[in-house]
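One structure below.
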Amino acid sequence: MRSSLHGGLVLTAILSVGLVAFGCGGGDDNLTKAEFLKQGNAVCKKGNDQIDKVANQTFGKKHPSQAKLNSFATDTLIPVVQTEIDGISDLNPPSADEDQVNAIVDEAQAALDKGKADPSLLVSEKSDPFKKANKLANDYGLKECGGD
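Counting from 1, one number per residue, gives the positions in the sequence shown under the working numbering.
Shown next, in the form of structure tokens:
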């Protein structure tokens, strides 16, 4: 996000990471909304920081080729976002919010699955497969995850 070159792909990655990260855990101890948001946003921040660091190391201020962007998507974005989804899935949202959180997770996972099938979607400045998931995450309060 530090240069216009990879700003779009990092934004897509960050959004991807955040949104995808929200699933429901299997335990009985549901978190309060404040606890869930704190822990969920921490998961996304960690992933976002990792993606940003790799993007800056990989691209610097240069305009990367599409092949390099696709490699970044495959080697960095997809695994980091999936890790976030898995991490958030271990959290238990408030009982009253489970449907809302599940909608965020489902949207994010569907977007990531599209990116797994075609990594160029994750690094395109023309499309954002996570747009709907990001809006849902932001509306819920997962600002790190939704890219706000």
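Glycine included, every Cβ here is placed at the ideal spot set by N, Cα and C.
Length of the line joining the Cα atoms of residue i and residue j
{"i": "Thr76", "j": "Ala110", "result": "18 Å"}
{"i": "Asp29", "j": "Phe36", "result": "11 Å"}
{"i": "Ala55", "j": "Asp106", "result": "26 Å"}
{"i": "Val80", "j": "Gly60", "result": "20 Å"}
{"i": "Pro64", "j": "Gln57", "result": "12 Å"}
{"i": "Tyr140", "j": "Val123", "result": "25 Å"}
{"i": "Ala34", "j": "Pro119", "result": "34 Å"}
{"i": "Lys38", "j": "Asn134", "result": "17 Å"}
{"i": "Gln50", "j": "Phe72", "result": "12 Å"}
{"i": "Thr83", "j": "Lys45", "result": "12 Å"}
{"i": "Leu69", "j": "Lys132", "result": "23 Å"}
{"i": "Val62", "j": "Ala117", "result": "Correcting the residue type first, residue 62 is Lys in the shown sequence and not Val. Their Cα atoms are separated by approximately 26 Å."}
Simplified DSSP state of residue i, which is helix, strand or coil
{"i": "Phe72", "result": "helix"}
{"i": "Ser124", "result": "coil"}
{"i": "Lys62", "result": "coil"}
{"i": "Pro94", "result": "coil"}
{"i": "Gly146", "result": "helix"}
{"i": "Asp29", "result": "coil"}
CB contact flag (residue i, residue j, <8 Å)
{"i": "Gly115", "j": "Ile78", "result": "yes"}
{"i": "Asn48", "j": "Glu125", "result": "no"}
N-terminal and C-terminal residue of the alpha helix (DSSP H) that residue i is part of
{"i": "Val54", "result": "33-59"}
{"i": "Leu117", "result": "For clarity, residue 117 is Ala in the given sequence; the question names Leu instead. Taken as a continuous stretch (DSSP letters only), the alpha helix (DSSP H) holding Ala117 covers 98-117."}
{"i": "Leu136", "result": "131-140"}
Nonlocal neighbours in the same chain, by C-beta distance under 7 Å from residue i, ignoring five residues either side
{"i": "Ala121", "result": "The question names Ala, but residue 121 is Leu in the sequence shown. Closer than 7 Å at Cβ, skipping near neighbours: Lys114, Gly115, Ser127, Pro129."}
{"i": "Thr32", "result": "Pro94"}
{"i": "Gln100", "result": "Tyr140"}
Beta-carbon proximity list for residue i, same chain, < 8 Å, skipping 5 on both sides
{"i": "Glu136", "result": "The residue asked about is misnamed: residue 136 is Leu in this sequence, not Glu. Closer than 8 Å at the Cβ level, and outside the excluded window around Leu136, lie Leu19, Gln100, Ala103, Ile104, Glu107, Gly146."}
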